[in-house]
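Protein chains in written order, with this note's numbering: chain A, 1006 to 1534; chain B, 4 to 308.
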Amino acid sequence: MKRLAITGLALILSLALAGCGGEGEQTATDQQPQPQAQSQDGESNPAENGKKILTIASGNDIVSFDLHNHNNTSTEAVHINMFNYLVKKGRNQEVLPDLATSWKQLDATTWEFKLREGVKFHNGDPFTAADVKYTLERVARDNTLLEYGNYKQIKEVKIMDDYTVHIITNGPQPVLLNRLSRLGSGMMPSKYIQEKGFDEFLKHPVGTGPYKFKEWKRDDRLILEKFDDYFGEKPKWDEVVFRSIPEDSTRVSELLTGGVDLAVNIPPTDLERIQQNEGTYVVQSPTQRVMQLTVRMTPGTPTADPKVREAIDLAIDKQAIVDNILAGGGTVTRTRVTPGNFGADPSLYGQSLYDPERAKQLLIEAGYPNGLELTLTSPSGRYLKDKETAELIQAMLGEVGIKVNLELVEWSKYNELYRGKKMKELFMISYANSMFDASLAFDRARSEIARGETDYNNPEVDKLLEEAETNLNTQEREKQYQQVQQIIANERPFIYLFQMSANYGASKRIQFEPRLDEMLPVDEITLKQ
Amino acid sequence: MKKYLIRSLLQVIPVLFLISLIVFVLVHVTGDPVTLMLSDTATDEDREILIQALGLDQPLYVQYFKFLGHLVQGDFGNSFRYQEPALPIVLERLPASFELAIASMVVATVIAIPFGILSATKRNSFLDIFVTGSAVLGKAMPSFWLGIMLILLFSVKLGLLPVSGEGTFAHLILPAITLGTGIAAEMTRLIRSSMLEILQQDYIRTARSKGLSERLVVYRHAFRNSLIPVITIMALQTSHLIGGTLITETVFSWPGMGNLLIQAVNQRDMSIVQASVFIVSILVIASNLLADLLYRILDPRIKYN
């Protein structure tokens, strides 16, 4: 038995040694890969094998290649390099031709699109009207897809000939072009999917874009390479690598060491470090996200009194929040429809009404000379510095005599309260707007939807919103939305705080200008030389 | 021996069953995947449709039995996030995690054996105090902090090693040190105490009285025997290792199972969470069983029943 023990021990030891030896050997042979490791750091170096490689790091991996079954902006930011829309948005939100060369509205519910000829998918298939029909009808008809809600307005896509389609909508659709230029509208190869199946498409996605799929290692990296037969301008990079680095400090370190050329979602605390580092710089850019307080107006709550709501608005120094917590990464606003969106009212943007003395006065007028007590619910960890923002608001309201019970809750718990409409007087939330149209911004102001949440009920707002929804007269429609914004800024069912900025860190070897929609078309990123 | 093995394997079944129940309940009670999947502007109708499509409208026990039924066939359902079967996604990650785990074990062994022995043979010396002190420190240091500090020093300041990702041997060094440090601390203390105990045994005194050199006594007689508990502990450390990889893999964006699990928890990707926890459980059970067997082989005084 003892011999057995010794043999066993010897066996294990030798195994362990073999293990060490293996590692050791690896170290030896790695003298060669060592410089290679270096070269991987410097893989962004254009001189390397003469290949131009761009590396971008984000906080999370793309979700999927099912263009219709995600609603993730950062996933779309990558997809747009592989897939094209019928129409695309320019830098100033103007609608530009992409796979459609021209379009016109035939009647209230019919739109005609002429398609670009000679466009090829990455597998060589030509792009035709059949692909438009397949793509749009899939998302408009399958109600289990996450983007279904944004496309169910499309009733049918009729193929007129190979390069002409008619899109028929359920009722007038003033925002159809906006819908078709955003998430969920990337054109998919119908023939390839019918022949190979959808699972194969998910593994080896094929689009018409300037870059084609090369490799995807989940939660690590997605590699795209240039597509030589692209119909537009020749792709600028030979290869583009999207890396997923969830840990903020690691992402920043990768940027500082030159491991990546561009890093998104930089925490405000790291901005200075990046700016002061020799080879990197910071880019801040407005986004479509606006942070707001939603106010309960249910009779019986103190916030039902418009004076109290105004006092809350005046008591918050929004610029101070932006400067101190977000390191300048934001713009104060009194509306959710920020510039770049259809229907924006510029007179409410870039403004904030801070006047604590007047706020105190208003509270006295409202009958609260000794102050009052409110509950503010805020998510913790959902938005950039949400907890800190809520705490500062708590302190600011305290200054004018409003004692705030701050409820900081984790996002899924927060959502339970939110969906269940169980919030108390105030809650802090941020909404985005991927449609670039005011219509999306005021859903929750409609009396029907507001019931139980803000209990806001203004028949005039309801009427304006309803009319604007299907109004094909652009100028009139714009006026209607601006009117709604003025009313809301005045009645304050929502107190808007600031438009959030996106923080990027970039290597000095590249020239990068972010877009309002946070998309990352890599061909807009250029080498500085 | 064979009987013992069969009995242990049979005991695994109720354990796995229990794990499946706990994981299922925890995942379903703590979070709501639907909310995270829908956009901010989704209507309640969209929500209902999605809940139905995912089968989340059924009573919890029905969902559980369905889950169990599929589980027996090795099917954990589709990942919500990737819309693909969960198990292959998890298994795809295993090699990277194993690579890191083995490298950390090597780091730990290389540190722990010499320092453990030295510290025991030179008991109460300055070196001993230094080693035991460092072991306490190493054990107490949070691995995410250590990882970030290592990145700052070796990658950002000195520019010697890559920050994150997987690929070359150089990518492995920092994560392996991060993860190996905690294990090394534990192992050093264990080797030290086990050596101290053995050095007081009669047979060591006999060996010394025979006039054997101290070197021979320590390395030939004492160290070899002190390794027995160390090897079992190494196997038992698997669970610590897995806990450690969760954080270390995230810090270094190492594409292993720990990283996947963290992302899945954040996204409430139930199937992935369930599949990974299950795989981890099986690994822990297997390594414990292996440790048990090893121990019995190495120390014949232990009986099989």
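We put the beta carbon where it would ideally sit given N, CA and C, even for glycine.
Given the structure is predicted, the values throughout are model-derived calculations rather than measurements.
- When the Cα atoms are used, Ile285(B) and Thr46(B) turn out to be separated by approximately 41 Å.
- Sixteen is the threshold: since fewer than 16 other Cβ atoms of the shown chains lie within 10 Å of the Cβ of Asp60(B), the residue is exposed.
- At a Cβ-Cβ threshold of 8 Å, Ala1134(A) and Asp1166(A) count as neighbours.
- By the criterion of at least three beta-carbon pairs nearer than 8 Å, the region 1520-1529 of chain A is in contact with the region 1079-1097 of chain A.
- For Val1162(A), the enclosing beta strand (DSSP E) stretches over residues Ile1159 to Asp1166.
- Distance from Ser256(B) to Ile1250(A) at the Cβ level is roughly 5 Å; contact confirmed, criterion being Cβ atoms closer than 8 Å.
- Residue pairing by DSSP places Ile194(B) opposite no residue, since no beta bridge is assigned to it.
- Taking CB atoms only, Asp1266(A) has no neighbour in chain B less than 8 Å away.
- Judged by their CB atoms, Phe1070(A) and Lys1323(A) are not nearer to each other than the 8 Å cut-off.
- Cβ contact annotation for Gly1214(A) (same chain, cutoff 6 Å, sequence separation greater than five): Asn1086, Met1087, Phe1088 and Asn1089, in chain order.
- Taking 8 Å as the Cβ-Cβ cut-off, the region 134-145 of chain B has no residue approaching chain A.
- For Gln1491(A), the enclosing alpha helix (DSSP H) starts and ends at Thr1479 to Glu1496.
- Straight-line measurement puts the Cα of Arg1256(A) at about 33 Å from the Cα of Leu1381(A).
- It is roughly 34 Å from the alpha-carbon of Asp1130(A) to the alpha-carbon of Ile1515(A).
- Fewer than three beta-carbon pairs drawn from the region 1272-1290 of chain A and the region 1113-1130 of chain A are found closer than 8 Å, and the two stretches are therefore not classed as touching.
- At a cut-off of 8 Å between beta carbons, Tyr206(B) makes no contact with chain A.
- For the region 249-271 of chain B, residues whose beta-carbon sits nearer than 8 Å to a beta-carbon of chain A comprise Thr253, Val254, Phe255, Ser256, Pro258, Asn262, Leu263, Ile265, Gln266 and Arg271.
- By the rule that beta-carbons nearer than 8 Å mark a contact, Asp1224(A) touches chain B.
- Annotation for Pro1307(A): no beta strand (DSSP E) segment contains it, and DSSP assigns it neither H nor E.
- Proximity of chain B to Val1068(A) at the Cβ level (cut-off 8 Å) is accounted for by Arg84 and Tyr85, in chain order.
- Fully contained in the region 1382-1411 of chain A are the following alpha helix (DSSP H) runs of length 4 or more, in chain order: 1391-1404.
- With respect to the 8 Å criterion, Leu153(B) and Ile114(B) are not classified as neighbours on the basis of their beta carbons.
- When 7 Å is used as the limit between beta carbons, Asn1420(A) is near these residues of chain B: Asp35 and Thr38, in chain order.
- Excluding five sequence positions before and after Leu1377(A), the CB atoms of its chain that fall closer than 8 Å to its own CB belong to Pro1307, Val1313, Leu1368, Gly1406, Ile1407 and Lys1408, given in chain order.
- With respect to Val1288(A), Ala1511(A) sits close: the two C-beta atoms are nearer than 8 Å.
- A contact is defined here as three or more CB-CB pairs under 8 Å, and the region 1440-1459 of chain A meets this definition with respect to the region 1482-1497 of chain A.
- The C-beta separation of Ala111(B) from Ala187(B) comes to about 4 Å, placing the pair in contact by the 8 Å criterion.
- Uninterrupted beta strand (DSSP E) stretches at least 3 residues long and entirely within the region 1419-1465 of chain A occur at 1431-1436, given in chain order.
- Taken through DSSP and simplified to helix, strand or coil, Ala1062(A) comes out as strand.
- Boundaries for Ser1186(A): no alpha helix (DSSP H) harbours it, and the DSSP string shows neither H nor E there.
- Counting the other CB atoms within 10 Å of its CB gives Ala1400(A) a total below 16, which places it among the exposed residues.
- The C-beta of Glu1259(A) comes closer than 8 Å to at least one C-beta of chain B.
- Three or more Cβ pairs closer than 8 Å define a contact, and the region 1148-1162 of chain A falls short of that threshold against the region 1226-1240 of chain A.
- In the DSSP assignment, Lys1201(A) falls within the alpha helix (DSSP H) that extends over Ser1195 to Lys1201.
- Residue-level contact by beta carbon fails for Thr1394(A) and chain B, as no gap is shorter than 8 Å.
- Thr1262(A) reaches chain B at Ser158, Val159, Gly162 and Val166, counting residues in chain order whose Cβ is nearer than 7 Å.
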